[in-house]
Each structure stands twice: as structure tokens, then as C-alpha cells.
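Protein chains in written order, with my numbering: chain A, 2 to 114; chain B, -8 to 102. Note that the Cβ used here is the ideal one computed from N, Cα and C, for glycine as well. Source: prediction; values computed, not measured. So the structure is just underneath, and the comments pick up after that.
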């Protein structure tokens, strides 16, 4: 059983650029959620995808967008990067249903200069 | 508006003693709660969960207690081990996709 994998592990971008982060779900999981963790904070929910459709969204602007593919892998895209977007981005997979337990990847550390 | 609060940023405990990590929430609609442990440079690792129909769940050295009337949950680790040193997050959900996380408590277990 493979766990959740994310790529890249680290990324440096400049303000105004666009970035794509990738996530492979744990095998057997059909739902993927993305979280942003700023320094000293807990993870904040960005959105969740189920069956290739956005299933819910947190308080993030439209320049944060995502995709889920038929193999349940996922991408997080952020346009027009701002300095405050610097954070650890975590992907979590789960099996849709009651009492979903999230299984997290190690994250992508994004630095916006 | 912080719906899930972990008011102790850090906690130090002697090896072999009990560690008690606390979490308070404000939304009475939350019906499922989870605890995660996070080491540096790693993603959070699921530890234990509890649904609102229970007041206690135990898994080995880890026990979670839920007090719905006080909107409070706690994680007990007995006995504490140096490998337990990490940041612990509680999270709460309301039957939906979205979990709200606290800001974490850094536990240090002293050998």
C-alpha cells in the first residue's frame, strides 16, 4: 500500500508567477483535500475533490484552483502568487464516507519572493 | 473566528509520565474529532479519532476523551516516550468534507 506522495518538496517562486503542485493519493482512496499551513498555524482547508469534481471549498480566492484525475491524483494551481502564499501545502487523501480519516503527504514548501 | 483552539503552544513532560493535550471547540455541530502528530519536514500523521456519540476512545498508549457539554477534548499519552516529541493538532468536522484544525501543541518528552 503506497502512501500519499507530493511533488515537488520545495519550490521558490516570485510574486505574480503561477505554480502547480501535485499529489498522488493513497491507493484505494477516492477523495483528495488540499490544506495550507502557514508558519506557526494549523492546516487550513483549501478545497476537496471527489470523483473529479470540487466537493467543497474553504475561504480561499479563485486564484487557488485544482484538478482531480481519473486515477484520483490531484493538482493544486495557484495563479498570481502573493508573498502571503508562502506556506507548506499539504495534500490529504481519504475514502469518502462517514468519519473520513485524512492521510497526509509530506507537503510542498512554497516560498514566494 | 477560531473554531478549534489549542491554548497551550507547548508542553514538557518527563518520560514515563502522562501527557495531556487539550483542545476546545466552539461549533456544536462538530461531530467528529481527530488528533494528528507532526514531526518536522513531515506531513501530519493520523493518531486517533472520536465521534460525538462516544466520550472515550482508546488505542494503545493513546486515549481521547470528549466532553460535549464543555466542548472540550483531550488526548492522553501514557506512558510518554521521547519519540512522542512532536507537534500535536486536533481537528474537528461537521459531517462534511472540511476539517478545522487547531494551531497545535508542541510536546517535548524529556528523557
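- For the C-beta of residue 103 (chain A), the chain B residues within less than 9 Å are, from N- to C-terminus, 25, 27, 35, 37, 82 and 90.
- Of A:80, A:81, A:102 and A:98, the smallest CA-CA separation from residue 92 (chain A) is found for A:102.
- Listed along chain A, the residues sitting closer than 8 Å to residue 94 (chain B) by beta-carbon distance are 41, 42 and 43.
- Closest by C-alpha distance to residue 17 (chain A), out of A:107, A:114, A:81 and A:104, is A:81.
- Taking 7 Å as the cut-off, the Cβ atoms of residue 35 (chain B) and residue 23 (chain B) do not count as close.
- Contact fails between the stretch 6 to 20 of chain B and the stretch 20 to 36 of chain A, because fewer than three Cβ pairs, one in each stretch, are under 8 Å apart.
- At least 7 Å separates the CB of residue 77 (chain A) from every CB of chain B.
- Here DSSP, grouped into helix, strand and coil, assigns residue 50 (chain B) to strand.
- Following the DSSP letters along the chain, one finds residue 61 (chain B) in no beta strand (DSSP E), marked with neither H nor E.
- Comparing alpha-carbon positions, the option among B:16, B:31, B:83 and B:99 lying closest to residue 39 (chain B) turns out to be B:83.
- Measuring C-alpha to C-alpha distances from residue 79 (chain A) to each of A:59, A:63, A:8 and A:28 identifies A:63 as the nearest.
- Note on residue 29 (chain B): 16 or more other CB atoms within 10 angstroms of its CB, so buried under the neighbour-count rule.
- Residue 89 (chain B) sits close to residue 57 (chain A), with the two beta carbons spaced by under 7 Å.
- Under the 10 Å beta carbon count, residue 101 (chain B) is surrounded by fewer than 16 other beta carbons and is classified as exposed.
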